[in-house]
Every structure is written in C-alpha cells, then in structure tokens.
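Trainee:
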Amino acid sequence: QSRVLPGRPEGYREIERVHAGHLTEEEFVERFEAPAVPVLISGAPQHEEWPAVRRWTLRRLREDFRECRFKCGEDDDGHSIRVSMRTFQKYMEHQRDDSPLYIFDSGFDDDGVGKHLLQDYKVPRFFPANPDQLEDKGAFQRSIDLFSLVGERRRPPYRWVLVGPKRSGTCVHIDPLGTSAWNTVLTGRKLWVLFPPGTSKSTVKAKHVIRADEDDEAINYFVDHVPRLRKRYPDLEIYQFIQYPGDTIFVPGGWWHAVLNLDDTVAVTQNFCSRTNFPVVWRKTRVGRKKMAVKWLRELRAHYPDLAQQAERINMEDGFDMPEPSSKKQQKKQDKREDTSDEEQESASHRRGTRDGQGAEDHGHEEARRADGGSAHGPAMDGGLISHKRRTDEDPARRGADEEPRKRAANSPDYPPGPPKIHSAGPELGKPSVGGEREGGASATSSSSRRSPP
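Spelled out as structure tokens, the structure:
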C-alpha cells in the first residue's frame, strides 16, 4: 500500500508514498496529520476524477485562457505584475533564466474564468475545505477549513494556481500562521527538500555554507547549498524527493521546505487550518493577525463552541490577554475598520520583511515568491506585454479591464475544449538535471540583473 521513493540520492531521508485509493481519511489523520509527518499521496486527481487532469496542460491553458492575465510577480512597490497566458507561455518556451518568472496567482477565483478553474479540481478528501468546496454538505466537521469562518476578505491568501517554467521555484520557508498545506501537480515534475520543525533558521538558509559571490535563488539552493549542508551536517534530517504528475504532497505546519520545478509545471495548492492543527494555528494567529483572531473566536463560539473553549483554555494556560469579541451592534462597524486595519498591517509587515530579508515563514507564500526582494524588473516579453499594475482590490477600474478577456473566455461556447493527454513523468533524478541549467554568461546575467519570484 505504500513504498519509498526510488532514486533518492544517498544521505537524504525517506518520505512515504501512499496511493489515494489505499488510504482513508481517518488513517491519514492518525498516520500523518496528527504526528505532523509529510507524505506523498499518488493518484488523487485521477481517483477523484478531476477535470483538471485533462484541462490543466500547458496547451489547454493557452487555448482556454489565451488573453487572460495572471499574476507572476510584484514590483518594488508591491504592485502586481500580470501577464497573459499566451505571453507567459511564449516566455516559458524561450527563457534561459536561472530564476524565471512564475505564475503564482491567489486571485484566480475573482471572476468567471477563475470559477471555471475552481470547478476543475477538488480539495482531496484528506484535507479540510471551504464550505463551497464540499461536495457532501453533511460532511463531518473536520472537513471544514476553520479559517473559512472569518470570510474570504478577512482570511490571508490560501489557494494558488501555479504555472512554473523549469528552474523556477520557491526558496526555503515555513508556511504562515502554523498552517499546513497540500500541493498537487498536474503537469511536470517538482523537486522538494524538507527539514523538520526545530531545525534552525540559519542552518536551513545555508548561512554557514553559502559563498559571498553566490545568488540565493532556488536553483542555487538545490544545486549548491543543499549538498553542502548534507556534507557539513551529516546527521541533519533532510528529506529530498520528486513529485510527479498526479502526486499530492502534504506539508505539515512548521516544516521548512523549498521547491524547484524540474520541468514546465502546472499545479494547485492550498493552506488550511483543521481541528488537528488548530492549537498551533490559534497561537500563531492571535499574535500575527490580532483583529482577525478576535472575529475568529466570535465565529468559533457561534459554530464550534468546543474549539472556542479550547482557544480560551490555551490563552489561559499561556497567560495571553485577548480583547473580547464585540457585541452584535458594534460588529458590522468593527469588521469594516478591521478589514482596512489588517490590510494595512499586512502591507507594513511585508515592507519590513523585505527590508530585513525575512522569509516566507513570516509573510506567507506571496512573500516566499519574492525571495528576499521580489521581482521588480522582469524581462521584456512580446513588446512589453507584462503589466505592472496595482493589486486588483485597490484598483477596481483596472481590475475590470483585466477581467474582461476572462469573462469572454468563460462565456465562450468553446470553453472547455476537448481533452488532451496529461504530460507524462520524466526520468528519475540523480543530481538535479534542470533543462538549460545555468549555461554561463547570459543566464547568470539574467539572474543577477533582476530577482524574479521563484
């Protein structure tokens, strides 16, 4: 029912692989989620009959979303860089960058086309989901992502569609607020490295082995820094493995991880809070998102009183003083003020993090992609078709202009077209063999002249 990944380089720890059809939800919680053990679950999209298995190939995405713009980075002022799928795939075909641009879009569900993308996949049954993602409305309570109680506007970004060229990736980080995550690949292969909780930040970030003249992009981390870490610290727990099409990786909260795309890849990922990781997430959220935590506690009291009591008991044990949730009369006014306040706090937190070189363990996936500075200057593609624009929630006029092609595509009778085959998995990996891998001058210049989101 399970096996260890073949072809694992010597000196790295094993990660278990289990087929989705051979694992129940209860077994998943007992064997992996409760003890916080990562696992690769194979075959979930096929077993649960995701339309994305047919539709989320590069060719189909180019046909279905040709002129739709997706976020592939942010400039130095935090404004989104958006590019059409047609232009981005043209860039993917010709790029030779050490650290390419990477579509990592959390706002893909904001319009009609995004709704189609949401319908193309299901949250694997092992993980909690939003109420609107549950097929069985009477599903047991653990199936609810507890962050959904605060609403879409209040909760931090939590789901992303990913389209990454080979050699793109994310630098090592911990996911925000103690949340766990799952990531499913539909096309291409990803190389992962994981370190268990408790591993020091200076160690995982290779502070003692990185050289002064080296970049700290994902490609450098996997090709140069991780092997040095293994050599310098032979007893260090390092898990390294390849994720193939149809594989879903479960990353428990608190695990350091980095990812490198070995091929052009398409994937989807979500972070979540379940009953199992609630104590850890509560402790992080009451400090990291104070106003959201007040509303969350109010909603827990209304819908899950046992969890509200658990949160209050944790506060008492820790000696943590927390403002009481407001009365219903004040609730609406406070929610409006808190929405604005939380957004400003998050923006200020990002600016501080960028200045101080903080990683995604403090600021989440969006900041992980900025990789200690973000991508202020991407390459010119197709006559400057990359769009530097403000975040859509701050610029409704421009958001409407960007969404028009998406709406036309969503309403087209040709959506979705017929089903092509999903990309097949490539060969096993010995040492990271990443097509077009750092071929000297041009590639190195591209990497040093800008910092693109991995």
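Numbering (the numbering used here) for the sequence shown: 1133 to 1586.
No residue lacks a Cβ here, since even glycine has one placed at the ideal position from N, Cα and C.
Fair warning: this is a prediction, and the values are worked out from it, not measured in the lab.
Since G1196 is in the alpha helix (DSSP H), which residue starts that stretch and which ends it?
Mentor: In the sequence on display, residue 1196 carries Asp and not Gly. Taken as a continuous stretch (DSSP letters only), the alpha helix (DSSP H) holding D1196 covers L1190 to D1196.
Trainee: Would you check if the stretch 1398 to 1416 and the stretch 1307 to 1317 touch, i.e. whether three or more CB-CB distances between them fall below 8 angstroms?
Mentor: A contact exists between the stretch 1307 to 1317 and the stretch 1398 to 1416.
Trainee: Pull the bridge partners of T1319 from the DSSP assignment, please.
Mentor: Answer is V1398.
Trainee: Could you tell me the distance, in whole angstroms, from the CA atom of K1203 to the CA atom of E1456?
Mentor: Cα to Cα, the separation comes out at about 38 angstroms.
Trainee: Using a 10 Å radius around the Cβ and a threshold of 16 neighbouring Cβ atoms, would you call V1400 buried or exposed?
Mentor: It is buried - the Cβ of V1400 has at least 16 other Cβ atoms within 10 Å.
Trainee: Helix or strand or just coil, what does DSSP make of E1181?
Mentor: Reduced to three states, the DSSP call for E1181 is coil.
Trainee: Following the continuous beta strand (DSSP E) through H1389, name the residue where it begins and the one where it ends.
Mentor: Residues W1388 to N1393.
Trainee: Answer yes or no: does any C-beta atom of chain C fall closer than 9 angstroms to that of F1373?
Mentor: Looking at the structure shown, chain C is missing, and only one protein chain is on hand.
Trainee: In terms of residues, what are the limits of the alpha helix (DSSP H) holding I1446?
Mentor: Where I1446 is concerned, the enclosing alpha helix (DSSP H) stretches over P1437 to D1450.
Trainee: Please go through the same chain and pick out, in chain order, the residues whose beta-carbon is closer than 7 angstroms to the beta-carbon of I1262, but skip the five residues on each side of it.
Mentor: The residue you asked about is not Ile; residue 1262 is Asn in the sequence shown. Closer than 7 angstroms at Cβ, skipping near neighbours: D1277 and S1280.
Trainee: Who pairs with F1164 in a beta bridge, going by DSSP?
Mentor: In DSSP, F1164 forms no bridge with anything.
Trainee: Below 8 angstroms on the Cβ atoms is my guess for A1440 versus R1433; work out the distance and round it to an integer in Å.
Mentor: Going by Cβ atoms, the distance from A1440 to R1433 rounds to 4 angstroms, so yes, they are a contact pair.
Trainee: Could you tell me which of L1361, W1414 and E1349 sits nearest to L1392, measuring between CA atoms?
Mentor: Of the listed residues, the one whose Cα sits closest to L1392 is E1349.
Trainee: Taking just the CA atoms, how far does I1351 sit from F1615?
Mentor: Outside the modelled stretch of the chain, which goes from 1133 to 1586, sits residue 1615, for which no answer is possible.
Trainee: Tell me the DSSP secondary structure of H1340 in three-state form.
Mentor: Here H1340 sits in coil by DSSP.
Trainee: To the nearest angstrom, report how far apart R1321 and I1213 are at their CA atoms.
Mentor: Cα to Cα, R1321 sits roughly 25 angstroms from I1213.
Trainee: What's the gap between the Cα of L1309 and the Cα of T1302?
Mentor: Approximately 18 angstroms, taken between the alpha carbons.
Trainee: Apart from the five residues just before and just after E1157, which ones in its own chain have a Cβ nearer than 7 angstroms to its Cβ?
Mentor: Correct list, in chain order: R1257 and F1258.
Trainee: To the nearest angstrom, how far is the alpha carbon of V1150 from that of D1209?
Mentor: Rounded to the nearest angstrom, the two C-alpha atoms are 43 angstroms apart.
Trainee: Helix or strand or just coil, what does DSSP make of L1294?
Mentor: The answer is strand: DSSP assigns L1294 an E or B state.
Trainee: In this structure, how does DSSP classify V1383 when only helix, strand and coil are distinguished?
Mentor: Three-state result, V1383: strand.
Trainee: What are the boundary residues of the beta strand (DSSP E) that Q1375 is part of?
Mentor: That run of the beta strand (DSSP E) goes Y1371 to Q1375.
Trainee: In chain order, what residues of the same chain lie with their CB nearer than 7 angstroms to the CB of R1194, ignoring the 5 residues before and after it?
Mentor: Excluding residues within five positions, the ones whose Cβ falls inside 7 angstroms are M1217, R1218 and Q1221.
Trainee: Using a Cβ-Cβ cutoff of less than 6 angstroms, which residues in the same chain neighbour R1291 once the five nearest sequence positions on both sides are dropped?
Mentor: Only Q1402 meet the Cβ criterion.
Trainee: Find the nearest neighbour of S1238 within the set D1264, R1285 and Y1223, judged by alpha-carbon distance.
Mentor: Answer by Cα proximity: R1285.
Trainee: May I ask you to list the residues that DSSP assigns as paired with H1151?
Mentor: Beta-bridge pairing links H1151 to S1174.
Trainee: Rounded to whole angstroms, what's the CA-CA distance from V1295 to T1397? Just pull it up for me.
Mentor: One C-alpha to the other measures close to 6 angstroms.
Trainee: When the Cα atoms are used, what is the spatial distance from R1360 to P1366?
Mentor: Cα to Cα, the separation comes out at about 10 angstroms.
Trainee: Since I believe L1172 is in contact with D1379 (beta carbons under 8 angstroms), could you give me their beta-carbon distance rounded to a whole number of angstroms?
Mentor: Correct: roughly 5 angstroms between the Cβ atoms.
Trainee: Looking only at its own chain, which residues have a Cβ that is under 7 angstroms from the Cβ of P1328, when we skip the five neighbours before and after it?
Mentor: Excluding positions up to five away in sequence, the list reads E1369 and W1387.
Trainee: First and last residue of the beta strand (DSSP E) that includes G1330?
Mentor: It is not in any beta strand (DSSP E) - G1330 carries neither H nor E in the DSSP assignment.
Trainee: Looking only at its chain, what residues have a beta carbon closer than 7 angstroms to the beta carbon of L1190, apart from the 5 residues adjacent to it on each side?
Mentor: For L1190, where only same-chain residues beyond five positions count, the Cβ hits under 7 angstroms are Q1221, T1319, D1396 and V1398.
Trainee: Classify M1224: buried if its beta carbon has 16 or more other beta carbons within 10 angstroms, exposed otherwise.
Mentor: That one is buried.
Trainee: Determine the extent of the alpha helix (DSSP H) in which T1302 is found, giving its start and end residues.
Mentor: T1302 -> not in any alpha helix (DSSP H); beta strand (DSSP E) instead, spanning G1301 to H1305.
Trainee: Check D1264 in the structure and name its three-state DSSP category.
Mentor: Residue state, collapsed to three classes: helix.
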